[in-house]
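Chains as they are written, first to last, in our numbering: chain A, 101 to 293; chain B, 101 to 293.
Every residue, glycine too, gets a C-beta built ideally from N, C-alpha and C.
As the structure is a computational prediction, the values presented were derived from the model and not from experiment.
Protein chains: 2
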Amino acid sequence: MSLRMALLGVLDIRPSSGYELSRFLHASAGWVWSAPQSQIYPLLRRMEADGVIKAELQVRGERLERRVYELTEEGQVELRQWARTFHPSPTVHDPIALQMLFLDTVSTADGIRVLTEYAAEQDDRAAHYEHRRDRLLAHDTPLLRERLLTAPREQHDRIAQSKAHVFDGQARLARERAAWAREAIGLARSNPG
Amino acid sequence: MSLRMALLGVLDIRPSSGYELSRFLHASAGWVWSAPQSQIYPLLRRMEADGVIKAELQVRGERLERRVYELTEEGQVELRQWARTFHPSPTVHDPIALQMLFLDTVSTADGIRVLTEYAAEQDDRAAHYEHRRDRLLAHDTPLLRERLLTAPREQHDRIAQSKAHVFDGQARLARERAAWAREAIGLARSNPG
DNA sequence: CAGGCCATGTAATCTGTTACATGATTTT
DNA sequence: AAAATCATGTAACAGATTACATGGCCTG
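Pasting the structure below:
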C-alpha cells in the first residue's frame with residue numbers, strides 16, 4: 101500500500117511520468133521508500149485502472165511517448181484519507197539484529213568485521229540523510245519548491261522543517277545503529293572467544 | 101533468506117517442531133524477525149528438501165504427529181557462513197517517514213493524532229524490548245539457557261550480554277522513534293496550519 | 001463435555017527483487 | 001559515431017500476509 105501512497109504523494113505535488121517517479125524515488129524519497137521501475141510501471145497501470153490517477157499521453161520527438169500521470173479526485177481522497185489515519189507499524193524484520201543473535205557462534209575476528217562494515221554502511225547512510233535534510237532546510241530541492249508554490253508564504257518554513265525532520269530522524273536512527281554496532285565490537289573485544 | 105537463517109539459528113540451539121519455532125518467533129526472536137505459521141511450515145519442508153535440516157517424526161498420543169527438525173551438517177555450514185559474512189542492509193521502507201512527508205496536507209489535529217499514536221506504539225515496543233533485554237542479562241530465558249549448556253562457563257556472561265545488546269539496541273531505536281514523533285508534534289504545534 | 005492449546009498445513013493474494021528486452025533521443 | 005539518458009515495460013521468482021481448514025490432546 102505504501103508504494104501506492106508514495107506515488108500518489110508525489111503526483112499530488114507534480115504530474116509526472118513513471119520514469120520521473122522512478123528517478124525521484126531513487127534520488128530522494130527513495131531514502132524512505134524505494135522501488136525498482138519494474139514495480140512502479142505496472143502499479144501505475146493498476147492505479148489508473150482503479151481510477152485514482154489518470155494519464156495524459158505526450159509525444160517527445162517523433163515516436164517516443166510518455167505517459168504523464170496526475171491525481172484524480174478519488175486519488176486526492178485516498179491520499180488524504182491515508183495520510184490522516186494512524187497505521188500500526190509492520191512486523192519487525194531486522195537482518196543485522198538477527199545476525200547478531202547468532203554471532204556468538206563465529207570467531208571474534210569475523211564478528212568484528214561484520215559489525216565494522218555495518219557501522220560504516222550506517223554512517224554512510226546517515227551522511228546522505230543529513231545532506232538531504234540540509235537541502236530541504238535551505239528550500240533547495242525541486243519537489244519542495246513546487247510544493248511551496250501552492251502554500252501561503254508564512255507556512256513555507258514550517259513545511260520545509262517538517263520534511264527536513266523526516267530525514268533528520270532517519271539520520272539519527274542510522275547514527276544510533278552505527279553506535280550500537282561499535283558498542284557490540286567493544287563487547288566482543290572485552291571478552292574474546 | 102533471513103527467515104531461513106532465523107530457523108536455522110534456533111534449530112542450532114535446540115531441535116524443534118514447526119509449532120515450537122512459530123511460538124518462539126512470536127514470543128521472543130519475533131521481536132527482531134517475525135513470520136506467520138503459514139510461512140514457516142512450507143519453508144521447513146523446503147529446507148528439508150534442500151538438505152539443511154532433517155525431521156524426526158514423533159507420535160504424541162495415538163495419531164497426533166509432530167515433525168521435530170534438527171540441523172544437518174550442510175545446515176550448520178550454511179548458518180555459520182551466513183553469520184560470518186556482512187550482508188548489505190535491504191532498501192529502506194519506512195511507512196511513518198513516508199506518511200510524515202505528506203502530513204503537511206492534512207489538518208494539524210489529524211497530524212498530531214497520528215504522531216501521538218505512533219509515539220505510544222513505539223514506547224510500548226521499547227518496553228517489550230527492555231524487558232527481554234533484562235531477562236537475557238539475568239540468564240532467564242529458556243533458549244539462552246540451552247545455548248549456555250554447550251559453552252564454557254567463563255563465556256556465559258559475554259554470550260548473554262551480546263544477545264541482550266541486540267534487544268537493547270532495538271529498545272533504543274524505538275525510544276528514538278518515539279522522541280522523533282514527539283518533536284514532530286512540537287513542530288506542528290509551534291506553527292499551526 | 002467445553003474451551004484452550006497442540007499441531008500441521010493449503011489457498012489466495014500482495015509485495016518486492018533481479019534480470020532481461022526494446023528502442024528513441026540527446027549529448028559529447 | 002558512440003555513450004549517456006529517456007522511456008516503458010515483461011518474466012520469473014522470492015518473500016510476506018490474511019484467511020481458512022482440520023483435527024487431536026489436555027485440563028477443569
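Taking a contact to mean a Cβ-Cβ separation below 9 Å, would you say residue i touches residue j in this structure?
{"i": "Ser189 of chain B", "j": "Gln222 of chain A", "result": "yes"}
{"i": "Glu230 of chain A", "j": "Ala284 of chain A", "result": "no"}
{"i": "Arg184 of chain B", "j": "Met147 of chain B", "result": "no"}
{"i": "Arg225 of chain A", "j": "Ala279 of chain A", "result": "no"}
{"i": "Ser262 of chain A", "j": "Leu143 of chain B", "result": "no"}
{"i": "Ala197 of chain B", "j": "Val159 of chain A", "result": "no"}
{"i": "Glu156 of chain B", "j": "Tyr169 of chain B", "result": "yes"}
{"i": "Val192 of chain B", "j": "Thr172 of chain B", "result": "no"}
{"i": "Ala260 of chain B", "j": "His239 of chain B", "result": "yes"}
{"i": "Ala135 of chain B", "j": "Ser122 of chain B", "result": "yes"}
{"i": "Met200 of chain B", "j": "Leu215 of chain B", "result": "yes"}
{"i": "Phe202 of chain A", "j": "Asp112 of chain B", "result": "yes"}
{"i": "Ser128 of chain A", "j": "Thr250 of chain A", "result": "no"}
{"i": "Leu236 of chain A", "j": "Leu244 of chain A", "result": "yes"}
{"i": "Phe186 of chain A", "j": "Glu217 of chain B", "result": "yes"}
{"i": "Glu246 of chain A", "j": "Arg163 of chain A", "result": "no"}
{"i": "Gln137 of chain A", "j": "Gly109 of chain A", "result": "no"}
Specify the secondary structure class of residue i as computed by DSSP and reduced to three states.
{"i": "Ser116 of chain B", "result": "strand"}
{"i": "Glu230 of chain B", "result": "helix"}
{"i": "Val206 of chain A", "result": "coil"}
{"i": "Glu254 of chain A", "result": "helix"}
{"i": "Glu221 of chain B", "result": "helix"}
{"i": "Arg160 of chain B", "result": "strand"}
{"i": "Arg184 of chain B", "result": "coil"}
{"i": "Met101 of chain B", "result": "coil"}
{"i": "Asp240 of chain B", "result": "coil"}
Tell me, please, which residues DSSP counts as bridged to residue i.
{"i": "Lys154 of chain B", "result": "B:Glu170"}
{"i": "His193 of chain A", "result": "B:Trp133"}
{"i": "Glu165 of chain B", "result": "B:Val159"}
Margin query: Which residues of the segment 187-212 of chain A have a Cβ closer than 8 Å to any Cβ of chain B? Give them in chain order.
Written below: His187, Pro188, Ser189, Pro190, Thr191, Val192, His193, Asp194, Pro195, Ile196, Ala197, Leu198, Gln199, Met200, Leu201, Phe202, Leu203, Asp204, Thr205, Val206, Ser207, Asp210, Gly211
Margin query: Quick test of the definition: if touching needs 3 or more C-beta pairs under 8 Å, does the segment 257-270 of chain A touch the segment 204-215 of chain A?
Written below: no
Checklist line | Interfacial residues, the segment 246-276 of chain B to chain A, with Cβ spacing under 7 Å | finding: Listed by position along the chain: Gln255, Arg258, Ile259, Gln261, Ser262, Lys263, His265, Val266, Gly269, Gln270, Arg272, Leu273, Glu276.
Check: When Cβ atoms are compared, which residues of the segment 212-243 of chain B fall closer than 9 Å to chain A?
Finding: Of all residues in the segment 212-243 of chain B, Arg213, Val214, Leu215, Thr216, Glu217, Tyr218, Glu221, Gln222, Arg225 have a Cβ within less than 9 Å of some Cβ in chain A.
Note to self: Please identify, using Cβ separations under 7 Å, the residues of the segment 128-140 of chain B that lie next to chain A, in order along the chain.
What the structure shows: Ala129, Trp131, Val132, Trp133, Ser134
Note to self: Short of 8 Å Cβ to Cβ, which residues in the segment 151-178 of chain A face chain B?
What the structure shows: For the segment 151-178 of chain A, the set of residues with a beta-carbon nearer than 8 Å to any beta-carbon of chain B is empty.
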